[in-house]
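Worksheet: one structure, shown below.
Number of protein chains: 2
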Amino acid sequence: MRADAARNLSSVLRTGARLLAEDPSTSMAAIAAAAGVDRTTVHRRFANREALLRAVFQAKLDSAERVLDEARLTEAPVPVALHRYLEGIIPVAREWPVDTRRMMQKDPEASARREAQSARLSTFIQRACDEGHLRADIDAAWARAVLDALVDSIAHQFPAVDAPQAADLVADAFLRGLGVT
Amino acid sequence: MRADAARNLSSVLRTGARLLAEDPSTSMAAIAAAAGVDRTTVHRRFANREALLRAVFQAKLDSAERVLDEARLTEAPVPVALHRYLEGIIPVAREWPVDTRRMMQKDPEASARREAQSARLSTFIQRACDEGHLRADIDAAWARAVLDALVDSIAHQFPAVDAPQAADLVADAFLRGLGVT
DNA sequence: GTCAACTGCAACATTGATGTAGCAATAAAT
DNA sequence: ATTTATTGCTACATCAATGTTGCAGTTGAC
Numbered sequence: 001m002r003a004d005a006a007r008n009l010s011s012v013l014r015t016g017a018r019l020l021a022e023d024p025s026t027s028m029a030a031i032a033a034a035a036g037v038d039r040t041t042v043h044r045r046f047a048n049r050e051a052l053l054r055a056v057f058q059a060k061l062d063s064a065e066r067v068l069d070e071a072r073l074t075e076a077p078v079p080v081a082l083h084r085y086l087e088g089i090i091p092v093a094r095e096w097p098v099d100t101r102r103m104m105q106k107d108p109e110a111s112a113r114r115e116a117q118s119a120r121l122s123t124f125i126q127r128a129c130d131e132g133h134l135r136a137d138i139d140a141a142w143a144r145a146v147l148d149a150l151v152d153s154i155a156h157q158f159p160a161v162d163a164p165q166a167a168d169l170v171a172d173a174f175l176r177g178l179g180v181t
Numbered sequence: 001m002r003a004d005a006a007r008n009l010s011s012v013l014r015t016g017a018r019l020l021a022e023d024p025s026t027s028m029a030a031i032a033a034a035a036g037v038d039r040t041t042v043h044r045r046f047a048n049r050e051a052l053l054r055a056v057f058q059a060k061l062d063s064a065e066r067v068l069d070e071a072r073l074t075e076a077p078v079p080v081a082l083h084r085y086l087e088g089i090i091p092v093a094r095e096w097p098v099d100t101r102r103m104m105q106k107d108p109e110a111s112a113r114r115e116a117q118s119a120r121l122s123t124f125i126q127r128a129c130d131e132g133h134l135r136a137d138i139d140a141a142w143a144r145a146v147l148d149a150l151v152d153s154i155a156h157q158f159p160a161v162d163a164p165q166a167a168d169l170v171a172d173a174f175l176r177g178l179g180v181t
């Protein structure tokens, strides 16, 4: 593969992710146009629409997996691991804004990978519960859902907040809440 | 209009909202089939796809508006109004799970109504800030986003939790967070 | 019982998206 | 300079979704 080909492929993936996030039914033609390449070129790279989606998901899963690895969720102290995870995952959510939960259902392989990553995070949340970092009356599944919701919110609705500050905001809201206590 | 016609219309709207929430590109044929009516019947009720979407949005906006009215966001004490709003809005989110922010962009009228409702809630959040119910370092827009995220999360990912308990969970996570302090 | 409204069904036209193939032009690699 | 890979463009076939029409059957209202 030549250099320009690789550049085009990556451009299509990123542009596609952005457009598909706004409108999951965005046409291949629209993605190609936004990426600045011809429609047929996209079809040469990706056998069909599914293949394009799979490639986008895989790119997101790759990035997310790297973040999970580097956060050392099982070894590092909970507050440290949490912050490292947040600082890593927020840029991933921004770069690949596609909603993996909804759009990957037809792709069993990607779905399985996603489940595995989800399980790693859930295990971490459970550890946070067990080690007393969360209140005893908090359900682990609820805590997990809250964390995901906060990440998505800061990632997509506040793109101007840089990753370290965003991680602070999320960790703070997650652990302390927003009210005066 | 006869009784069965009204029943069918309402059934199409609710079924459509449910399917469109899972997959915004769900076909009219799929919605009609899930609602148990013929495809042409749906076309008789709604001139086109846009009209069907508009009707769904309008139904959601009507319900949400009623909740905002009854919560007395400007008069009632903040904690009371917050809880009343949550207990009302969570069933609305569940009954009409469509993502209004994304899907109403092509409908300026509905978009304007949505903006107006959004502004009412933002004003309420601002009052909560001003009256000292939120920490002084909390940005009102961030607080607003967190509240929305928590509502969506409990509404869609924990459908088994009933509305009063769900409202408690959200208000608690919003004000106090999940961590030990 | 009659009438009006409503429905399902079949058929049809239209449109937009998808996917393929061929060909000429271009640019990197050798 | 020649080869090779890649691209844009055009044309085409296909398919799924949309929207319309006519007709016969059913059901509620009067």
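The listed protein sequences derive, respectively, from chains P and D.
full-length UniProt numbering numbers the first residue of the first sequence as 1 and each following residue consecutively.
full-length UniProt numbering numbers the first residue of the second sequence as 1 and each following residue consecutively.
Here a beta-carbon is modelled for each residue, glycine too, at the ideal position from N, C-alpha and C.
Task: For T41 of chain P and A32 of chain P, believed in contact at Cβ under 8 Å, the rounded distance - done: As a position in the first sequence, residue 32 of chain P is number 32, starting the count at 1. As a position in the first sequence, residue 41 of chain P is number 41, starting the count at 1. Right, the Cβ-Cβ distance comes to about 7 Å (below 8 Å), so this counts as a contact.
Open item on the list: Quick test of the definition: if touching needs 3 or more C-beta pairs under 8 Å, does the region 142 to 149 of chain D touch the region 46 to 66 of chain D?
Closed with: Contact fails: fewer than three Cβ-Cβ distances are below 8 Å.
- [ ] Take R24 of chain D and list the residues in its own chain whose beta-carbon comes closer than 7 Å to its own, dropping the five residues that flank it on each side.
- [x] Reading the second sequence from its first residue, position 24 is the one you call residue 24 of chain D. It is Pro, not Arg, that sits at residue 24 of chain D in the sequence shown. Result list for P24 of chain D: M103, in chain order.
Open item on the list: Determine, for T123 of chain D, whether the minimum Cβ-Cβ distance to residues of chain P falls below 8 Å.
Closed with: In the second sequence, the residue the question calls residue 123 of chain D occupies position 123. So, not an interface residue.
Task: Reference A149 of chain D; option with closest CA among D:F174, D:A163, D:I138 and D:V161 - done: By 1-based counting over the second sequence, the position of residue 149 of chain D is 149. The shortest Cα separation from A149 of chain D among D:F174, D:A163, D:I138 and D:V161 belongs to D:F174.
- [ ] May I ask you to verify whether the region 71 to 91 of chain D touches the region 162 to 172 of chain D, counting CB pairs closer than 8 Å and requiring at least 3?
- [x] Look at the beta carbons and you see the region 71 to 91 of chain D touching the region 162 to 172 of chain D: at least three pairs across the two are nearer than 8 Å.
Open item on the list: Give me, in chain order, the residues of the same chain whose beta-carbon lies closer than 8 Å to that of V151 of chain P; leave out the 5 immediate sequence neighbours on both sides.
Closed with: Numbered from 1 along the first sequence, position 151 holds the residue referred to as residue 151 of chain P. Excluding residues within five positions, the ones whose Cβ falls inside 8 Å are L86, I89, I90, A93 and V170.
Open item on the list: Is V146 of chain D close to chain P? Criterion is C-beta to C-beta, closer than 8 Å.
Closed with: Start at 1 with the first residue of the second sequence, and residue 146 of chain D comes out as number 146. Closer than 8 Å to some Cβ of chain P, the Cβ of V146 of chain D qualifies, so yes.
TODO: For L134 of chain P, name the three-state secondary structure that DSSP assigns.
DONE: The residue you call residue 134 of chain P lines up with position 134 of the first sequence. It is a strand residue.
TODO: Could you pull out every unbroken beta strand (DSSP E) segment of at least 3 residues lying fully inside the region 43 to 76 of chain D, listed in chain order?
DONE: None, since the region 43 to 76 of chain D contains no complete beta strand (DSSP E) of that length.
- [ ] Indicate the three-state DSSP secondary structure (helix, strand or coil) for G36 of chain D in the structure shown.
- [x] For the purposes of this step, residue 36 of chain D is taken as the residue at position 36 of the second sequence. When DSSP states are grouped into helix, strand and coil, G36 of chain D belongs to the coil group.
Open item on the list: Any beta carbon from chain D within less than 8 Å of R180 of chain P's own beta carbon?
Closed with: The count along the first sequence starts at 1 and reaches residue 180 of chain P at position 180. Reading the sequence as shown, one finds Val at residue 180 of chain P and not Arg. Interface residue, yes.
- [ ] Consult DSSP for G177 of chain P and reduce its assignment to one of helix, strand or coil.
- [x] As a first step, residue 177 of chain P must be located in the first sequence, where it is residue number 177. DSSP, read as helix, strand or coil, puts G177 of chain P in coil.
Open item on the list: With three or more beta-carbon pairs closer than 8 Å as the criterion, would you say the region 126 to 140 of chain P touches the region 70 to 83 of chain P?
Closed with: Yes, since at least three Cβ pairs between the region 126 to 140 of chain P and the region 70 to 83 of chain P fall closer than 8 Å, the two stretches touch.
Task: Where M103 of chain D sits in the DSSP three-state scheme - done: Within the second sequence, the letter at position 103 stands for residue 103 of chain D. DSSP, read as helix, strand or coil, puts M103 of chain D in helix.
- [ ] Answer yes or no: do A47 of chain D and R39 of chain D have a C-beta to C-beta separation smaller than 8 Å?
- [x] Taking the second sequence and counting its residues from 1, the one referred to as residue 47 of chain D is at position 47. Taking the second sequence and counting its residues from 1, the one referred to as residue 39 of chain D is at position 39. Cβ distance not < 8 Å, so A47 of chain D and R39 of chain D don't count as in contact.
Task: Backbone secondary structure at A160 of chain D - three-state DSSP - done: Along the second sequence, read from residue 1 onward, the residue named residue 160 of chain D stands at position 160. If DSSP states are grouped into helix, strand and coil, A160 of chain D belongs with coil.
Task: Length of the line joining the Cα atoms of D69 of chain D and Q117 of chain D - done: For the purposes of this step, residue 69 of chain D is taken as residue 69 along the second sequence, with counting starting at 1. For the purposes of this step, residue 117 of chain D is taken as residue 117 along the second sequence, with counting starting at 1. Each residue's Cα considered, the two are about 10 Å apart.
Task: Residue closest to A35 of chain P, alpha-carbon to alpha-carbon, out of P:N8, P:R45, P:L52 and P:R176 - done: Here residue 35 of chain P is taken as the residue at index 35 of the first sequence, counted from 1. Comparing Cα positions, the closest option is P:N8.
Open item on the list: Can you give me the C-alpha to C-alpha distance between T95 of chain D and S11 of chain D, rounded to a whole angstrom?
Closed with: For the purposes of this step, residue 95 of chain D is identified with residue 95 of the second sequence, where counting begins at 1. For the purposes of this step, residue 11 of chain D is identified with residue 11 of the second sequence, where counting begins at 1. Here the sequence assigns Glu to residue 95 of chain D, which means Thr is not the residue at that position. Within the model, the alpha-carbon separation for E95 of chain D versus S11 of chain D is close to 12 Å.
Task: Beta-carbon neighbours of S111 of chain D, restricted to chain P and to distances below 7 Å - done: Along the second sequence, one-based indexing puts residue 111 of chain D at 111. What S111 of chain D touches in chain P: nothing, since even the nearest Cβ is about 15 Å away.
Open item on the list: Below 8 Å on C-beta distance, what does D130 of chain P contact in chain D?
Closed with: The count along the first sequence starts at 1 and reaches residue 130 of chain P at position 130. Neighbours of D130 of chain P on chain D: none; closest Cβ ~13 Å, over 8 Å.
Task: Cα-Cα separation between residue 242 of chain P and L52 of chain P, rounded to whole angstroms - done: As displayed, chain P neither begins before 1 nor continues past 181, which places residue 242 of chain P out of reach and without an answer.
Open item on the list: I want to see whether chain P comes within less than 8 Å of I138 of chain D, judged by CB atoms only; does it?
Closed with: In the second sequence, the residue the question calls residue 138 of chain D occupies position 138. By the rule that beta-carbons nearer than 8 Å mark a contact, I138 of chain D touches chain P.
Task: Neighbouring residues, chain D, relative to S25 of chain P (Cβ below 7 Å) - done: On the first sequence, residue 25 of chain P is found 25 positions in, with the first residue counted as 1. Going along chain D in sequence order, the residues near S25 of chain P (Cβ under 7 Å) are P24 and S25.
Task: R18 of chain P: first and last residue of the uninterrupted alpha helix (DSSP H) it sits in - done: On the first sequence, residue 18 of chain P is found 18 positions in, with the first residue counted as 1. Run containing R18 of chain P: A3 to E22, per the alpha helix (DSSP H) assignment.
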